[in-house]
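Single-structure report; data block below.
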Amino acid sequence: MDRRSSAAGQLPVSFSHWLHRQRHNCRVCHSELEFAMEAEGTVIGKTDHDSGRFCGACHDGRTAFATTGSCESCHNGDIRHGSEKFLPTFSPIPYAYAPYGNGIDWAELQRQGLIDPARYLKHEVRDVPFDRELTLDAEWCRIPPAVFPHKAHTEWLECNSCHPGIFNIKKKTTRHFRMNRILKGEFCGACHMKVAFPMNDCERCHPGINIR
18 MDRRSSAAGQ LPVSFSHWLH RQRHNCRVCH SELEFAMEAE GTVIGKTDHD
68 SGRFCGACHD GRTAFATTGS CESCHNGDIR HGSEKFLPTF SPIPYAYAPY
118 GNGIDWAELQ RQGLIDPARY LKHEVRDVPF DRELTLDAEW CRIPPAVFPH
168 KAHTEWLECN SCHPGIFNIK KKTTRHFRMN RILKGEFCGA CHMKVAFPMN
218 DCERCHPGIN IR
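The numbers in this note's numbering rise by one with no breaks, and the one at position 97 of the sequence shown is 114.
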């Protein structure tokens, strides 16, 4: 990410979602700490870090490494930085394997208690007791309905992460909810084309689909 780095004489920032999501769910950064949901959507400067905002909320030298004296840990210009830690971390957990994306079924890791990401830093939040599953008919021929589990999403997100900005809150009132738009990064694609399991994992949403 290079919102300000190059202009300030620094290398761009590399940020690893997989490293952070082991410890915190999505709402910690994107609600409590107010990071935008898209890369480079948040303007961050040294004064923010020093005052405990954004990255500085954790990277204070106590919870995580400090933002001073460890510049190259983030400002390295290499998206592969730290990737050598990935396999040693997750290869002992084959029963949470996913066939697409980074190979990790994060929801399954959490269900089995293998990770327990925090839901908040300072401002305690209540769990959302909403576990309704929605069945969404597909418009394409021979495509079985999609099943949407609210619980798998509320474990990581808040209701306002999706409603009303991405989906209308009222049932069946979201217009133009089609696969071609999802693949362009709208609706489910807001996350599932970026940091959640990718859209080529068809059976995760459309159980029973024949993709052969």
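We put the beta carbon where it would ideally sit given N, CA and C, even for glycine. Owing to the predicted nature of the structure, the values given are computational and were not obtained by experimental measurement.
Checklist entry - In chain order, what residues of the same chain lie with their CB nearer than 6 Å to the CB of ASP19, ignoring the 5 residues before and after it? => result Stepping through the sequence shown from its first residue, residue 19 is reached at position 2. Result list for ASP19: PRO29, in chain order.
Checklist entry - Using DSSP with H/G/I as helix, E/B as strand and the rest coil, what is LEU151? => result In the sequence shown, counting from the first residue as 1, residue 151 sits at position 134. Three-state DSSP puts LEU151 in a strand.
Next on the checklist: Here's the rule: buried if 16 or more other CB atoms are within 10 angstroms of the residue's CB, otherwise exposed. What is TRP157?
Outcome noted: Taking the first residue of the sequence shown as position 1, residue 157 is located at position 140. Answer is exposed; the Cβ neighbour count stays below 16.
Next on the checklist: Any heavy atom of the ligand FAD inside 7 Å of the beta-carbon of CYS219?
Outcome noted: Looking for the ligand FAD in the displayed structure turns up nothing, as the structure carries no ligands at all.
Checklist entry - Does the stretch 115-128 come close enough to the stretch 211-218 to have 3 or more Cβ pairs within less than 8 Å? => result yes
Checklist entry - Near THR171, which residues of its chain fall below 7 Å by C-beta distance, leaving aside the five closest residues on each side in sequence? => result Working through the sequence shown from its first residue, we reach residue 171 at position 154. Answer for THR171: VAL145 and PHE147, listed in chain order.
Next on the checklist: To the nearest angstrom, how far is the alpha carbon of SER22 from that of HIS34?
Outcome noted: As a first step, residue 22 is located in the sequence shown; it is residue number 5 there, counting from the start. As a first step, residue 34 is located in the sequence shown; it is residue number 17 there, counting from the start. Their backbone Cα atoms lie some 19 Å apart in a straight line.
Item to check | Assigned secondary structure, GLU140 (DSSP; H/G/I helix, E/B strand, else coil) | outcome: For the purposes of this step, residue 140 is taken as residue 123 along the sequence shown, with counting starting at 1. Checking the displayed sequence, the identity of residue 140 turns out to be His instead of Glu. Note: HIS140 maps to coil in three-state DSSP.
Checklist entry - On the premise that GLN39 lies in contact with ILE132, defined as a C-beta separation below 8 Å, what is that separation, rounded to the nearest angstrom? => result Translated into the one-based positions of the sequence shown, residue 132 becomes position 115. Translated into the one-based positions of the sequence shown, residue 39 becomes position 22. About 5 Å separates the two Cβ atoms, so the contact holds.
Checklist entry - Of all Cβ atoms in chain E, is any one closer than 8 Å to the Cβ of ASP218? => result Of the protein chains in this structure there is only one, and it is not chain E.
Checklist entry - Relative to the C-alpha of ASP154, which residue among ARG70, ILE226 and PRO111 is closest? => result Taking the sequence shown and counting its residues from 1, the one referred to as residue 154 is at position 137. The shortest Cα separation from ASP154 among ARG70, ILE226 and PRO111 belongs to ILE226.
Item to check | DSSP bridge partner residues for TYR114 (one or two, in chain order) | outcome: Position 97 of the sequence shown, counted from the first residue, corresponds to residue 114. In DSSP, TYR114 forms a bridge with ILE121.
Checklist entry - ILE11 and HIS180 look like a contact to me (Cβ under 8 Å); what is the Cβ gap, rounded to whole Å? => result Only positions 18 to 229 of the chain appear in the structure, and residue 11 is not among them; the question remains open.
Checklist entry - Roughly how many angstroms separate the alpha carbons of CYS222 and MET196, rounded to a whole number? => result In the sequence shown, the residue the question calls residue 222 occupies position 205. In the sequence shown, the residue the question calls residue 196 occupies position 179. In a straight line, the C-alpha of CYS222 is about 12 Å away from that of MET196.
Checklist entry - Got a sec? Which residues, its chain only, sit under 7 Å from PHE52 by beta carbon, not counting five neighbours each side? => result Start at 1 with the first residue of the sequence shown, and residue 52 comes out as number 35. Counting only Cβ-Cβ distances below 7 Å, and skipping sequence neighbours, we find CYS46, THR59 and PHE71.
Item to check | Supposed close pair CYS43, LEU174 - CB separation, criterion 8 Å | outcome: For the purposes of this step, residue 43 is taken as residue 26 along the sequence shown, with counting starting at 1. For the purposes of this step, residue 174 is taken as residue 157 along the sequence shown, with counting starting at 1. That pair is a contact at about 5 Å.
Checklist entry - Going by DSSP, what residues sit across from ALA135 in a beta bridge? => result Translated into the one-based positions of the sequence shown, residue 135 becomes position 118. DSSP lists HIS41 as partners of ALA135.
Checklist entry - Which same chain residues, not among the five before or five after ALA169, have their C-beta less than 6 Å away from its C-beta? => result Stepping through the sequence shown from its first residue, residue 169 is reached at position 152. Only ALA124 meet the Cβ criterion.
Checklist entry - From what residue to what residue does the alpha helix (DSSP H) around PHE103 run? => result Here residue 103 is taken as the residue at index 86 of the sequence shown, counted from 1. PHE103 -> alpha helix (DSSP H) spans 103-107.
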